[in-house]
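Protein chains in written order, with numbering that gives the first Met the number 0: chain G, 0 to 98; chain V, 0 to 98. In this text, a Cβ means the ideal position worked out from N, Cα and C, and glycines have one as well.
There are 2 protein chains.
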Amino acid sequence: MHGLIGKMRAQPGKRDELAAILLKGTGGMPGCLSYVIANDPADTDALWITEVWVDEASHRASLQLPAVQAAIAEGRPLIAGFETQIVTVPLGGVGIGGT
Amino acid sequence: MHGLIGKMRAQPGKRDELAAILLKGTGGMPGCLSYVIANDPADTDALWITEVWVDEASHRASLQLPAVQAAIAEGRPLIAGFETQIVTVPLGGVGIGGT
């Protein structure tokens, strides 16, 4: 499996709007086992996105999906930047592919 | 929802053993929507654990479950320490409670 843990910073005051766009874009992504969008309660403009994919290729392919491309286009002006970006190798657990 | 993102450091060379213990302890935790254990490919002794719970109380209650207590007791000697520990407020996505 292929995992990502990332912190995204929204433009000031735009986090809710950015999160809503990202949430719309996450359905129907082949190979996506988990994709969680979360607020950082200690950092008003920050979102954490944690992802688990079958493999790196499925994540890369998702970036070409029309719904994802639309979310990227709509969300990009609301993003101030990316901070933490960690690649992981998920081993297992709860909530990935129904396990 | 209540989320956690944490980086745990195993004693040198003990990561696989620690991960196996943690994976055994994650079944049947009421209120647990996601619990993913992952290797950090850039840091040989590090694990990332990302969690989504219905609420903070369900996470706290899980620490008293016999299987979790057993995993904590078995794993503790293999843990060198905790590094990153982030609390989040998950908003939604894929792989949490079947959504």
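In the same chain as G:L77, and ignoring 5 residues on each side of it, the C-beta atoms closer than 8 Å to its own belong to A9, Q10, K13, E16, L17, I20, in chain order. With a 10 Å radius around the Cβ and a threshold of 16 neighbouring Cβ atoms, G:E50 comes out buried. One alpha carbon belongs to V:A69, the other to V:G24, and they sit about 8 Å apart.
Nearest neighbour of G:L3 by Cα position, chosen from V:G30, V:L46, V:P29, V:L90, turns out to be V:L46. For the options G:S33, G:N38, G:V86, the alpha carbon positioned closest to that of G:W52 is the one of G:S33. For G:L17, no Cβ of chain V is located within less than 8 Å of the residue's own Cβ. One finds G2, T87, V88, P89, L90 in chain G with Cβ atoms closer than 7 Å to the Cβ of V:A37, taken in chain order. For V:I95, there is no enclosing beta strand (DSSP E), since its DSSP letter is neither H nor E. The C-alpha of V:V67 is placed about 38 Å away from the C-alpha of G:L62. The Cβ-Cβ distance between G:G91 and V:I36 falls below 8 Å. In the three-state scheme derived from DSSP, where H, G and I count as helix and E and B as strand, V:L64 is classed as coil.
The alpha-carbon separation between V:V88 and G:D39 amounts to approximately 6 Å. In this structure, V:G30 lies away from V:F81, with their beta-carbon atoms at least 8 Å apart.
The continuous stretches of alpha helix (DSSP H) do not include G:K6, which lies in the beta strand (DSSP E) extending over residues 1-9. The criterion of a C-beta distance shorter than 8 Å is satisfied by G:I48 and G:M7.
Listed along the chain, the chain G residues whose CB falls inside 7 Å of the CB of V:W52 amount to none; the nearest CB is some 10 Å away.
For V:G80, the beta-bridge partners assigned by DSSP are V:R8.
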